[in-house]
Amino acid sequence: MESPVEIVQHTAGGVIGASWLMIAFPLLGAFILLVFNRFTNRWGHLLGVAMSLASFVVAVLAFFELLGLGEEQRRQAVHLYEFIPGMVDMGLLIDPLSISFALLITGVGSLIHIYSIGYMAHDEHRRRFFSYLNLFVSAMLLLVLADNYVGLFIGWEGVGLASYLLIGFWQFKPSAATAAKKAFVVNRVGDFGLLVGMFIMWTTFGTLTFSQLGEEVGKGASNGTLTAIGLLLLLGACGKSAQLPLQSWLLDAMEGPTPVSALIHAATMVTAGVYLVVRSGAFFFPEGSAQALAVAIVGAATLLAGAIIGCAKDDIKKGLAGSTMSQIGYMMLGAGLGPAGYAFAIGHLITHGFFKADMFLGAGSVMHGMNDEVDMRKYGGLRKYMPLTFVTFIVGYLAIIGFPLLSGYFTKDGIIETAVHHQPVLGWLAVLGAGITGFYMSRMVFMTFFGQKRWAENAHPHESPAVMTLPLIILSIGSIFLGGYLILSNTLMDFLAPAVGAPEVRPEFHPFTTPGLATLALVAVGAAYAWMKYGKAEVPAVQPRGSFLTTFARRDLYGDAINESLFMRPGQWLTRLAVFFDNRGVDGVVNGLAAGIGGSSGRLRRLQTGFARTYALSILIGAALLTGALLLVGTI
Amino acid sequence: MNDVIQAPTIEYGTLAPLLVVFGAAIIGVLVEAFAPRYLRKSVHVPLTLLSLAGAFALVIVQVAVNSVPKSASAMGAVAVDGPSLFIWGVILVLSFVCVLLINDEGHFVASAAAVPGSSDEAEAEAAGNQHTEVYPLVLFAVGGMLLFPAANDLLTMFVALEVMSLPLYLLCGLARRRRLLSQEASMKYFLLGAFSSAFFLYGTAMLYGYAGTVSLGGISKAMSTGSLLDPLLLIGFAMTGVGLLFKIGAAPFQAWKPDVYQGAPTPITALMASGTLVAAVGALLRVFWVALGNLDWNWRPVIWGVAALTMIVGAILAITQTDIKRMLAYSSIAHAGFLLVGVMATFGSAEQNAQSLKAILFYLAVYGITTVGAFAVVTLVRDPGGEAGHLSRWAGLGKRSPVLAGVFAFFLLAFAGIPLTSGFFGKYAVFAAALNSGAQPGDQMGGWMAGLVVVGVIASAIAAFFYVRVIVLMFFSEPAADGPAIAVPSMGTVAVIAVSLLVTVGVGLYPESVLAVANDAASSLFIR
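Which chain is which? The protein sequence lines are A and B, in order.
The first sequence runs 12 to 647 under this note's numbering.
The second sequence runs 58 to 585 under this note's numbering.
What follows is the structure in structure tokens.
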């Protein structure tokens with residue numbers, strides 16, 4: 012395989028030199044909105060949008076500047092300042108991989124900012140919402156642009172914070188507050204993995220900068236170390252990207268406002284795990300090593316689990332969340348295949364960013380028109396009432412199931428083909444997953460837009476305002492064409508090659524391969540079955556009891572139950588035990604110590620009599636001691 | 058014999074910042090004498106602020122055109138070198154923000170001569186009298202602070218010490234509320250200050266007896282040829298040391314600090330806790346390193362004990378304090394101890410000296426500004442009888458005034474040295490320098506330096522307890538029913554708090570900004 016080119020130090024100014032502005036703009040926005048809070052209520056949302064757009068403009072300019080450079084020059088490290096002296100210098104790495112992410116984050120992010128103006132119009136805390144969104148964009152950009160793991164980690168925690176704040180944005184709802192807490196706690200597990208991975212890197216290689224790590228690993232490292240680091244990074248990725256076994260928080264995270272689900276829990280933040288794995292390619296080398304295989308297995312397992320969960324959800328957003336899990340599973344699978352899969356994984360990540368954001372925002376538009384109803388059993392026949400939302404949603408739907416010639420078709424097919432070639436078992440599981448995707452996505456479309464009206468009494472569905480539909484249209488255009496453009500002539504693969512390396516054999520796109528045809532056939536079967544059950548037949552307005560399998564899927568494959576019995580209960584016992592020991596043992600020691608210090612403080616305090624004469628005496632004694640000591644030391 | 062007296066050469070350009078401050082102070086006295094009462098304040102405030110800003114600009118110009126002198130100025134009396142200029146810049150910034158605080162209404166007594174509680178006092182209060190003498194006094198004190206660390210011989214240093222201290226003794230007694238406490242503080246500070254000055258002067262005389270000169274370089278030179286065990290030298294050094302250690306408030310010479318800090322008007326406390334400390338540490342460094350550098354075999358073990366004792370005494374005694382200003386005073390004592398750790402870290406090469414000097418300069422700059430910010434917050438929390446000093450009055454402040462309490466909590470975290478605040482990098486730099494020094498081959502303190510750092514870390518842990526206790530009190534206690542009111546801050550006070558907060562946050566995130574300047578200043582070391 013062809014390795015990534017070396018990272019060069021950026022010298023000249025230009026937009027790349029000023030790329031920190033990308034992070035600074037939204038951060039400034041968040042700062043202004045949070046600090047001057049009420050005073051910015053009237054124009055706060057506009058500032059939020061402007062800051063996100065400004066970031067987008069910088070990203071586009073930097074992208075073109077990067078394109079203007081020779082391939083050898085396309086990894087530019089921009090030094091900013093010495094962060095922790097002797098350990099980490101803060102700097103940015105502008106290369107094809109990071110700039111692709113930056114474009115996705117700022118581009119889709121800006122569209123979602125604009126959409127939110129309409130969606131949150133009636134919320135009295137709209138300004139706070141935009142400040143958190145800006146904070147998120149800034150942290151996410153730091154995550155992908157930093158040229159070292161410390162910067163990445165700060166961004167990683169920053170997006171975690173923004174995610175926590177936004178899931179719990181309506182914290183007056185206990186379910187939202189609980190969901191936020193759950194996301195926070197589950198993510199701690201992953202973050203712990205990432206941190207320990209960083210510790211091992213530091214002790215083994217003595218650096219946390221990508222470029223130096225690349226060199227150090229190239230000089231040779233023990234397999235055990237690489238495997239340990241790889242698995243720990245994978246744990247971090249699982250937490251952030253809701254992969255098995257840390258998937259449970261994502262479904263609950265849908266308690267947040269819908270634009271948040273679109274931006275953070277579909278298009279960008281949850282893909283950070285994929286970024287981490289691809290960026291840390293050096294530790295997942297060679298392909299087929301234990302850690303790379305683990306990534307692919309986690310991806311394959313999650314793509315099936317997410318798809319199965321998606322089949323049983325009646326809540327439109329939870330259905331989409333299951334599908335997000337599943338699609339990220341595809342990306343993980345691709346990322347676990349090494350340089351052969353990187354371009355497809357990133358490609359799917361980008362197209363998924365478009366069509367999933369498109370569908371989430373579409374779902375938001377439906378909810379907006381249906382008094383925030385999320386139960387699809389209370390929808391039906393909406394296509395006539397919300398034509399624009401319907402058309403754009405259909406585009407997203409066709410893209411995700413891999414309808415030929417739409418975006419998702421090319422990128423997903425790329426992952427499946429590569430997987431069948433490298434890891435046949437996992438590849439065929441991915442084919443099966445695609446079939447299930449065809450079923451559950453069709454089910455969602457039929458239940459929402461077709462069939463009989465099953466609305467609540469007071470529902471008056473209407474199309475959403477232009478500020479909401481315009482982003483939908485732009486996103487759906489991307490959902491149609493982007494995939495073909497990126498994949499057909501290996502555009503993305505060639506662009507990314509300097510950053511992540513390229514496979515030895517350039518893949519060529521063949522429309523009629525065995526896995527490709529099998530995928531299409533299974534998708535058609537799935538969609539047809541969905542039509543029979545949810546299109547043609549009447550959909551019961553109340554959830555039927557369902558078979559054992561349905562219950563299994565409805566309960567998120569018993570993920571919560573497993574967590575509860577395996578971790579929460581023993582955890583609670585452990586804390587009780589710890590509290591017991593703490594009260595009896597540790598507290599005794601600590602309190603004794605504190606009492607000792609406090610007591611000596613009380614006793615010493617009496618020396619502070621308030622009389623100037625006593626103080627003067629203490630100075631005199633001190634002077635005598637000092638002189639005595641000096642004379643004594645002199646004679647030794 | 059040459060019977061013609063040579064006119065002294067004075068480098069006016071180099072000394073310009075000093076001259077501007079002293080000149081403005083003298084003009085201030087004239088204003089006090091000739092301007093009508095109602096005009097005075099409106100002349101004093103711009104005059105004071107402009108002169109401080111102007112002096113700061115002159116310091117910047119001097120650094121910018123790179124005309125830092127390589128030898129002492131004014132016939133060898135004043136050494137304007139890299140560290141001096143850095144310290145001048147810091148002191149001028151700190152005093153500028155302190156003047157903004159002083160400028161606020163209601164800190165100073167209407168008529169200092171009136172007996173507290175008398176009818177004279179009430180009359181002066183009703184007439185709206187103000188002691189505008191405060192401004193020239195502050196300028197004289199600041200001038201003294203500038204000269205103190207730059208003095209290149211012990212007599213100039215003594216004069217600077219007095220010029221700095223005398224106005225402060227007066228200013229301490231001018232608090233508007235709780236005047237008896239204030240006057241007591243002033244009296245104590247004066248008596249003990251005079252006592253310690255006598256030590257300093259006596260030490261100077263002894264050193265003169267040993268070296269035949271009072272110039273710091275001369276003393277150092279005399280040591281390179283003379284005996285290092287001469288009692289004149291050792292006793293003289295101990296005595297000057299007492300005078301200097303008193304000014305920074307190192308144990309066992311710390312007793313004045315809590316009483317004086319508590320009694321003085323809070324803006325003056327802020328000036329003393331920041332400006333005076335910076336100046337005194339600068340002077341201490343100059344004496345210990347320039348004059349007595351050859352004696353480090355003797356003084357480092359002794360200062361080891363002083364540093365350890367200071368950190369422990371400051372941290373432990375702060376725990377049982379119930380008054381916020383007293384608590385901050387003990388915290389200041391503990392920080393003086395941390396600074397002494399940096400003073401110790403001087404063994405070996407010039408590079409090592411530059412590293413520890415850089416650490417100390419950085420520490421002074423960030424600690425000074427955080428301190429001013431903290432005291433500025435203290436001025437805003439008021440009871441009917443003045444500032445709400447007692448800690449119990451601060452309970453639940455976070456519920457009623459979350460922004461102010463949040464800012465104060467942040468300052469406290471910076472004092473405690475929590476990462477991402479400037480305080481963290483200050484402590485880190487000083488401790489790292491100390492460890493590095495101990496690791497130099499041949500340092501007789503070797504492992505003892507690591508021991509001192511351990512003591513420092515333990516003291517930090519104890520100190521963190523009482524800082525966090527205030528935070529807990531502010532945010533997790535029920536507010537008192539008749540709790541203190543939060544005064545509506547003036548623009549000046551808002552500016553002071555905002556600047557302090559910005560610097561504390563900014564340097565915490567981006568320490569390189571100040572570290573680089575400190576490094577430039579330190580790399581040239583002191584002029585010898």
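Beta carbons: idealized from backbone N, C-alpha and C, even for Gly.
**Asked** Hey, does residue 47 of chain B have any beta-carbon neighbour from chain A nearer than 9 angstroms?
**Response** Not covered by the structure: residue 47 of chain B. The range shown for chain B is 58 to 585.
**Message:** In the DSSP output, which residue or residues are listed as bridge partners for residue 165 of chain B?
**Reply:** As a position in the second sequence, residue 165 of chain B is number 108, starting the count at 1. Note: residue 165 of chain B sits in a beta bridge opposite B/232.
**Request:** Ignore the nearest five residues each way along the sequence and tell me which others in residue 187 of chain A's own chain have a CB closer than 8 angstroms to its CB.
**Result:** Residue mapping note: residue 187 of chain A aligns to position 176 of the first sequence, counting from 1. Apart from sequence neighbours up to five positions away, the residues of its chain that approach residue 187 of chain A with a beta-carbon distance below 8 angstroms are 178, 179, 180, 181, 266, 267, ordered along the chain.
**Request:** May I have the straight-line CA-CA distance separating residue 489 of chain B from residue 252 of chain A, to the nearest angstrom?
**Result:** If you number the second sequence from 1, residue 489 of chain B lands on position 432. If you number the first sequence from 1, residue 252 of chain A lands on position 241. Distance between the alpha carbons of residue 489 of chain B and residue 252 of chain A: 39 angstroms.
**Request:** Mark residue 206 of chain B as exposed unless 16 or more other C-beta atoms lie within 10 angstroms of its C-beta, in which case mark it buried.
**Result:** For the purposes of this step, residue 206 of chain B is identified with residue 149 of the second sequence, where counting begins at 1. Buried.
**Message:** List, in chain order, every chain B residue whose beta-carbon is nearer than 7 angstroms to that of residue 93 of chain A.
**Reply:** Reading the first sequence from its first residue, position 82 is the one you call residue 93 of chain A. By Cβ distance, chain B contributes 569.
**Request:** For my contact list, residue 295 of chain B and residue 250 of chain B are in at a C-beta cut-off of 8 angstroms; report their separation, rounded to the angstrom.
**Result:** Counting from one through the second sequence, the residue named residue 295 of chain B turns up at place 238. Counting from one through the second sequence, the residue named residue 250 of chain B turns up at place 193. Going by Cβ atoms, the distance from residue 295 of chain B to residue 250 of chain B rounds to 19 angstroms, so no, they are not a contact pair.
**Prompt:** Is the segment 17-29 of chain A touching the segment 233-252 of chain A in the sense that three or more CB pairs, one from each, lie closer than 8 angstroms?
**Reply:** no
**Asked** the segment 630-645 of chain A: which residues have C-beta closer than 8 angstroms to a C-beta of chain B, in chain order?
**Response** 630, 632, 633, 634, 636, 637, 638, 640, 641, 642, 644, 645
**Prompt:** For residue 101 of chain A, which of helix, strand or coil comes out of DSSP?
**Reply:** Here residue 101 of chain A refers to the residue found at position 90 of the first sequence. Residue state, collapsed to three classes: strand.
**Prompt:** Quick one: any contact between the segment 458-477 of chain A and the segment 400-411 of chain A, if contact means 3 or more CB pairs under 8 angstroms?
**Reply:** yes
**Item:** Whether residue 30 of chain B touches residue 293 of chain B by CB criterion (9 angstroms)
**Value:** Look at the range of chain B in this structure, 58 to 585, and you will see that residue 30 of chain B is not part of it.
**Request:** Give the DSSP-derived three-state secondary structure of residue 730 of chain A in the structure shown.
**Result:** The structure shown has nothing for residue 730 of chain A, since chain A only spans 12 to 647.
**Prompt:** Are there three or more Cβ pairs, one per stretch, closer than 8 angstroms when the segment 184-195 of chain B is compared with the segment 64-71 of chain B?
**Reply:** no
**Cβ shell of residue 357 of chain B (< 7 angstroms), same chain only, five flanking positions each side left out** = Here residue 357 of chain B corresponds to residue number 300 of the second sequence, with the count starting at 1. Taken in chain order, the residues that qualify are 401, 502.
**For residue 468 of chain A, the first and last residue of its enclosing alpha helix (DSSP H)** = Counted from its first residue, the first sequence places residue 468 of chain A at position 457. First-last for residue 468 of chain A: undefined, no H or E at that position.
**Request:** Please go through the same chain and pick out, in chain order, the residues whose beta-carbon is closer than 6 angstroms to the beta-carbon of residue 211 of chain B, but skip the five residues on each side of it.
**Result:** In the second sequence, counting from the first residue as 1, residue 211 of chain B sits at position 154. Cβ neighbours of residue 211 of chain B beyond the five flanking positions: 261, 271.
**Request:** Ignoring anything shorter than 3 residues or poking outside the segment 203-289 of chain B, list the beta strand (DSSP E) runs there in chain order.
**Result:** none
**Prompt:** Does any C-beta atom of chain A lie closer than 9 angstroms to the C-beta of residue 308 of chain B?
**Reply:** Position 251 of the second sequence, counted from the first residue, corresponds to residue 308 of chain B. At least one chain A Cβ lies under 9 angstroms of residue 308 of chain B.
**Message:** Along the chain, where does the beta strand (DSSP E) containing residue 88 of chain A start, and where does it finish?
**Reply:** Indexing the first sequence from 1 puts residue 88 of chain A at position 77. It spans 87-95 - the beta strand (DSSP E) in which residue 88 of chain A sits, taken as one unbroken run.
**Prompt:** Are residue 420 of chain B and residue 471 of chain B closer than 9 angstroms when you measure CB to CB?
**Reply:** For the purposes of this step, residue 420 of chain B is taken as the residue at position 363 of the second sequence. For the purposes of this step, residue 471 of chain B is taken as the residue at position 414 of the second sequence. Cβ atoms of residue 420 of chain B and residue 471 of chain B: not closer than 9 angstroms.
**Item:** Cross-strand partners of residue 444 of chain B (DSSP beta bridge)
**Value:** Here the question's residue 444 of chain B lines up with position 387 in the second sequence. Answer by DSSP bridge pairing, in chain order: B/439.
**Item:** Top-ranked residue by Cα proximity to residue 423 of chain B, from B/85, B/62, B/146
**Value:** Locating residue 423 of chain B in the second sequence gives position 366, where the first residue counts as 1. Comparing Cα-Cα distances from residue 423 of chain B to each of B/85, B/62, B/146, the minimum goes to B/146.
**Request:** Measure from the C-beta of residue 609 of chain A to each C-beta in chain B and report whether the shortest distance is under 9 angstroms.
**Result:** Stepping through the first sequence from its first residue, residue 609 of chain A is reached at position 598. Answer yes: the Cβ-Cβ gap between residue 609 of chain A and chain B drops below 9 angstroms somewhere.
**Message:** Which residue wins for smallest C-alpha separation from residue 284 of chain A, given the options A/369, A/141, A/168, A/239?
**Reply:** Taking the first sequence and counting its residues from 1, one reaches residue 284 of chain A at position 273. Nearest option by C-alpha distance: A/168.
**Message:** Let me see if you follow: with CB-CB separation under 9 angstroms, is residue 26 of chain A close to chain B or not?
**Reply:** On the first sequence, position 15 is the one that residue 26 of chain A refers to. No, its Cβ sits nowhere closer than 9 angstroms to a Cβ of chain B.
**Message:** Restricting to Cα atoms, I'd like to know which of A/570, A/517, A/584, A/630 is closest to residue 197 of chain A.
**Reply:** Looking up residue 197 of chain A in the first sequence gives position 186. That would be A/570, whose Cα lies nearest to the Cα of residue 197 of chain A.
**Asked** When the cut-off is 9 angstroms and only beta carbons count, does residue 160 of chain A lie next to chain B?
**Response** Taking the first sequence and counting its residues from 1, one reaches residue 160 of chain A at position 149. No, because no Cβ of chain B sits closer than 9 angstroms to the Cβ of residue 160 of chain A.
**Request:** Just the chain B side, please: which residues come within less than 7 angstroms of residue 616 of chain A by C-beta, in chain order?
**Result:** Here residue 616 of chain A refers to the residue found at position 605 when the first sequence is read from its first residue. Ordered by position in chain B, the residues that pass the 7 angstroms Cβ test against residue 616 of chain A are 374, 377.
**Message:** Please classify residue 410 of chain B as buried or exposed, where buried requires at least 16 other C-beta atoms within 10 Å of its C-beta.
**Reply:** For the purposes of this step, residue 410 of chain B is taken as residue 353 along the second sequence, with counting starting at 1. Buried is the call here.
**Message:** Among B/161, B/113, B/165, B/133, whose alpha-carbon lies nearest the alpha-carbon of residue 142 of chain B?
**Reply:** Your numbering for residue 142 of chain B matches position 85 in the second sequence. That would be B/113, whose Cα lies nearest to the Cα of residue 142 of chain B.
**Prompt:** How many Å lie between residue 306 of chain B and residue 95 of chain A at the Cα?
**Reply:** Residue numbering aside, residue 306 of chain B sits at position 249 when the second sequence is read from its first letter. Residue numbering aside, residue 95 of chain A sits at position 84 when the first sequence is read from its first letter. Answer to the nearest angstrom: the Cα atoms are 31 angstroms apart.
**Request:** Taking C-beta pairs closer than 8 angstroms, name the residues in chain B that residue 623 of chain A reaches, listed in chain order.
**Result:** Within the first sequence, residue 623 of chain A is the residue found at index 612, counting from 1. Result: 244, 245, 248, 249.
**Asked** At a CB-CB cut-off below 9 angstroms, which residues of chain A make contact with residue 505 of chain B?
**Response** Position 448 of the second sequence, counting from 1, holds the residue named residue 505 of chain B. Listed along chain A is no residue with a C-beta nearer than 9 angstroms to that of residue 505 of chain B; the closest approach is about 12 angstroms.
**Prompt:** Could you check where the alpha helix (DSSP H) with residue 359 of chain A kicks off and where it finishes?
**Reply:** By one-based count along the first sequence, residue 359 of chain A stands at place 348. Taken as a continuous stretch (DSSP letters only), the alpha helix (DSSP H) holding residue 359 of chain A covers 350-380.
**Request:** Measure how close the beta-carbons of residue 541 of chain B and residue 439 of chain B come, nearest whole angstrom, since I'm counting them as under 8 angstroms.
**Result:** On the second sequence, position 484 is the one that residue 541 of chain B refers to. On the second sequence, position 382 is the one that residue 439 of chain B refers to. About 6 angstroms separates the two Cβ atoms, so the contact holds.
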